[in-house]
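In the numbering used here, the protein residues as written are 566 to 733. See structure below.
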């Protein structure tokens, strides 16, 4: 517990991030796309999907998000079937509904329809409360020239860091 001096108020300390765990990450997304904004969303999952996620059996590399009929969906995301659940298992690549606020959904819809952006899943994780979340990036695709420039810049920064380490 933290006491604020002069205010007479008592504040609780921030919870620790001990339950936070990344299940799947799309590392290629930052190279292929220019990320403008990120939004964290909840997911509608069945029990066997949650157990597979806790076992780390997921991939979001080939997936994307889309606004369809006023709802946000994760399409082509892979959560492997849970091995110990036989009769009531889930489909591997089914569409999964994503949960966002209405204002955020309107922002996502307008970005994808009017401005030519796309919705790219960045990271699938369990937050500090143990709830499965998906971080989506509002992104614009990079052209081949942009990718080459980005690679040159990263190589130069790596070279600079190596030279500074050696000299000093």
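Even for Gly, the Cβ is constructed at its ideal location relative to N, Cα and C. Predicted model only: the values in this text are computed from it and were never measured.
Within the continuous alpha helix (DSSP H) that includes residue i, where are the two ends?
{"i": "residue 710", "result": "709-732"}
{"i": "residue 616", "result": "612-619"}
How far does the beta strand (DSSP E) with residue i in it reach, from first residue to last?
{"i": "residue 649", "result": "No beta strand (DSSP E) holds residue 649; DSSP gives it neither H nor E."}
{"i": "residue 602", "result": "598-608"}
{"i": "residue 705", "result": "697-706"}
{"i": "residue 680", "result": "Unbroken run through residue 680: none, as it is neither H nor E."}
{"i": "residue 662", "result": "661-664"}
{"i": "residue 636", "result": "636-640"}
{"i": "residue 587", "result": "586-590"}
{"i": "residue 633", "result": "629-633"}
Evaluate residue i with the Cβ neighbour count: other Cβ atoms within 10 Å of its Cβ, from every protein chain shown; 16 or more gives buried, anything less gives exposed.
{"i": "residue 728", "result": "exposed"}
{"i": "residue 725", "result": "exposed"}
{"i": "residue 584", "result": "exposed"}
{"i": "residue 682", "result": "buried"}
{"i": "residue 695", "result": "exposed"}
{"i": "residue 665", "result": "buried"}
{"i": "residue 702", "result": "buried"}
Please work out which residues of its chain come closer than 7 Å, Cβ to Cβ, to residue i, disregarding the five sequence neighbours upstream and downstream, and give them in chain order.
{"i": "residue 586", "result": "690, 691"}
{"i": "residue 627", "result": "641"}
{"i": "residue 669", "result": "604"}
{"i": "residue 593", "result": "626"}
Round the Cβ separation of residue i and residue j to the nearest angstrom and send it over; I've been treating them as touching at under 8 Å.
{"i": "residue 639", "j": "residue 697", "result": "The Cβ separation is near 11 Å, so there is no contact."}
{"i": "residue 704", "j": "residue 599", "result": "6 Å"}
{"i": "residue 613", "j": "residue 655", "result": "5 Å"}
{"i": "residue 618", "j": "residue 588", "result": "5 Å"}
{"i": "residue 608", "j": "residue 699", "result": "6 Å"}
{"i": "residue 633", "j": "residue 687", "result": "That pair is no contact at about 20 Å."}
{"i": "residue 684", "j": "residue 630", "result": "4 Å"}
Quick one: what's got a C-beta closer than 6 Å to residue i's C-beta in the same chain, skipping five residues either side?
{"i": "residue 821", "result": "The structure shown does not extend to residue 821, since the chain is modelled only from 566 through 733, so no value can be given for it."}
{"i": "residue 650", "result": "613"}
For residue i, I'd like the list of residues in its chain whose CB is within less than 8 Å of its CB, leaving aside the five on either flank, ordered along the chain.
{"i": "residue 660", "result": "638, 639, 640"}
{"i": "residue 719", "result": "none"}
{"i": "residue 742", "result": "Coverage of the chain is limited to positions 566 through 733, which leaves residue 742 absent and any answer about it impossible."}
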